[in-house]
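Residue numbers (full-length UniProt numbering), protein chains in the order written: chain A, 1 to 259; chain B, 1 to 259.
For each residue, glycine too, the CB sits at the ideal point set by N, CA and C.
Encoded as structure tokens, the structure appears first; notes follow it.
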């Protein structure tokens, strides 16, 4: 196994950080690695917000499902899908008049533009994660940035066509900390050859066998198996309902309306 | 610079592949690296379709904006956001009856579930890209897999809650091939500190300075600058309109309806 594969397999989600800032040299290497990432048509349809202000970190630790460790990360990076810059550039260069003149329509970004920009943002984020890990800087993805869209828009000063799709907490690993790797599903349930294949109940049983070991018979959900417990914990959770609401509100901006 | 950073910066989008298959050892290392990627709540909300069948590759080279090189890639990996497996698992474990009994609602996956699963899929894809590069296997992302949703659903046998969010062409680099790195925007236009900041026209001019060197005064769009040319080429293009349509159709499946 080469150094790259070792770094990839060694990486764990780090939620406890050494009590020192990330050096400027390391931070620059991490950001440069993110910016080197593949991007659709070399458009770089994303923005990275680098956050160190304790007040903002505190606010994010609350708005992202009340996870206090977020506020203790030396640096937070938010990767936002961004079609605003290209749109503003078009606007500044008379594209609206040109489009009208040429019989084209001048359209606002739409759902497909959002997805494409999310791809750019996430690919860059994972480059940052791997680069960071190679420098001794651990990371943790926070999906909860998908919640509370209106609050984050205000907090971070986001424009309409800037959508925060993922967040990374970054900080050095503590010395001699134990790394616990989480087991993934077996490859046969993740990789299919040639075509998708709906799994049979027997296959699903094997797929979830390890997870089911985590089922607690006496649980306050009244669940009789792991699936029921997980569903209750997920559906009932405020964060999940909030995420659904928040994403739906955000999506409304990406309507491709004629301008 | 360490080996990981070197691999990240060395990587280019590879569209011309050496004429030999990817070894099984290398393919397994690439897939294992993808599966090791971070995933929301360790749910692995994605599926990787590994495609080697020449007929399928041919079909994809046409459906993904007629790019013949796609058919010549030894291996194609499609990363699909996948909430189907968890949903089927819930269904097989009596979650619907349990939910009714407990006063919860049993809901289909919705837009937020799609986005979260897209995150998993893209993060895994970028792990595959970096792992591949470290083994001499080049890659090219194909965003056009977002187009022709219905056709791809049929071609690949996708279930309703499986959405192909990105595609990778993979193959060995040819010996002594020249690598041309594409220049990205300057960091000041990608990374913002603490808050988002709408760029001024003067900043946009500087941001796009290099791209504007690619403007051809005599162009059949009648465009007077790079912005107008790029917009005309993008808006007018069939692939762009198709992508917008296709994504909108796919999104309709993710409606969170009560079941």
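When you compare only the Cα positions, how much space is there between residue i and residue j?
i, j, result
"residue 43 (chain B)", "residue 258 (chain A)", "39 Å"
"residue 60 (chain B)", "residue 55 (chain A)", "49 Å"
"residue 193 (chain B)", "residue 25 (chain B)", "43 Å"
"residue 84 (chain B)", "residue 211 (chain A)", "17 Å"
"residue 11 (chain B)", "residue 102 (chain A)", "39 Å"
"residue 39 (chain A)", "residue 33 (chain B)", "21 Å"
"residue 189 (chain A)", "residue 49 (chain B)", "11 Å"
"residue 204 (chain A)", "residue 168 (chain B)", "27 Å"
"residue 105 (chain B)", "residue 20 (chain B)", "52 Å"
"residue 165 (chain A)", "residue 110 (chain A)", "16 Å"
"residue 30 (chain A)", "residue 132 (chain A)", "6 Å"
"residue 195 (chain B)", "residue 122 (chain B)", "25 Å"
"residue 176 (chain B)", "residue 135 (chain B)", "16 Å"
"residue 197 (chain B)", "residue 45 (chain A)", "15 Å"
"residue 95 (chain A)", "residue 41 (chain A)", "19 Å"
"residue 18 (chain B)", "residue 178 (chain B)", "13 Å"
"residue 62 (chain A)", "residue 234 (chain A)", "19 Å"
"residue 229 (chain A)", "residue 125 (chain B)", "30 Å"
"residue 108 (chain B)", "residue 86 (chain B)", "11 Å"
"residue 256 (chain B)", "residue 218 (chain B)", "50 Å"
"residue 241 (chain A)", "residue 128 (chain B)", "32 Å"
Do the CB positions of residue i and residue j come within less than 9 Å of each other?
i, j, result
"residue 141 (chain B)", "residue 119 (chain A)", "yes"
"residue 52 (chain A)", "residue 76 (chain A)", "yes"
"residue 78 (chain B)", "residue 130 (chain A)", "no"
"residue 214 (chain A)", "residue 172 (chain A)", "no"
"residue 73 (chain B)", "residue 47 (chain B)", "no"
"residue 114 (chain B)", "residue 163 (chain B)", "yes"
"residue 227 (chain A)", "residue 239 (chain B)", "no"
"residue 232 (chain B)", "residue 223 (chain B)", "yes"
"residue 207 (chain A)", "residue 112 (chain B)", "no"
"residue 67 (chain A)", "residue 144 (chain A)", "yes"
"residue 174 (chain A)", "residue 16 (chain A)", "yes"
"residue 4 (chain A)", "residue 4 (chain B)", "yes"
"residue 180 (chain A)", "residue 35 (chain B)", "no"
Using a Cβ-Cβ distance under 9 Å, would residue i count as near chain A?
i, result
"residue 180 (chain B)", "no"
"residue 172 (chain B)", "no"
"residue 201 (chain B)", "yes"
"residue 38 (chain B)", "yes"
"residue 127 (chain B)", "yes"
"residue 217 (chain B)", "no"
"residue 261 (chain B)", "There is simply no residue 261 (chain B) to check, as chain B begins at 1 and stops at 259 in what is shown."
"residue 141 (chain B)", "yes"
So with Cβ pairs under 9 Å, would you call residue i a contact of chain B?
i, result
"residue 63 (chain A)", "no"
"residue 232 (chain A)", "yes"
"residue 60 (chain A)", "no"
"residue 83 (chain A)", "no"
"residue 169 (chain A)", "no"
"residue 23 (chain A)", "no"
"residue 89 (chain A)", "yes"
"residue 11 (chain A)", "yes"
"residue 151 (chain A)", "no"
"residue 93 (chain A)", "yes"
"residue 148 (chain A)", "no"
"residue 135 (chain A)", "yes"
"residue 69 (chain A)", "no"
"residue 185 (chain A)", "yes"
"residue 138 (chain A)", "no"
"residue 209 (chain A)", "no"
"residue 259 (chain A)", "no"
"residue 16 (chain A)", "no"
"residue 195 (chain A)", "yes"
"residue 205 (chain A)", "yes"
"residue 73 (chain A)", "no"
By the 10 Å Cβ neighbour count, where 16 or more other Cβ atoms means buried, how is residue i classified, buried or exposed?
i, result
"residue 98 (chain B)", "buried"
"residue 88 (chain B)", "buried"
"residue 153 (chain B)", "buried"
"residue 182 (chain B)", "exposed"
"residue 201 (chain A)", "exposed"
"residue 184 (chain A)", "buried"
"residue 23 (chain B)", "exposed"
"residue 1 (chain A)", "exposed"
"residue 247 (chain B)", "buried"
"residue 65 (chain B)", "buried"
At 9 Å on the CB atoms, spell out the chain E contacts of residue i, in chain order.
i, result
"residue 102 (chain A)", "Included in the structure are the protein chains A and B, with no chain E among them."
| task | Go through the segment 157-244 of chain B residue by residue and report every complete run of the beta strand (DSSP E) that reaches 3 residues or more, in order. | result | DSSP runs (the beta strand (DSSP E)) wholly in the segment 157-244 of chain B: 162-172 and 191-193.
| Minimum length 4: unbroken alpha helix (DSSP H) runs contained in the segment 11-77 of chain A | Counting only runs of 4 or more, we get 24-35 and 54-63.
| Complete alpha helix (DSSP H) runs within the segment 104-145 of chain A (minimum length 4 residues, chain order) | Entirely contained in the segment 104-145 of chain A, the alpha helix (DSSP H) runs reaching 4 residues are, in chain order, 111-134.
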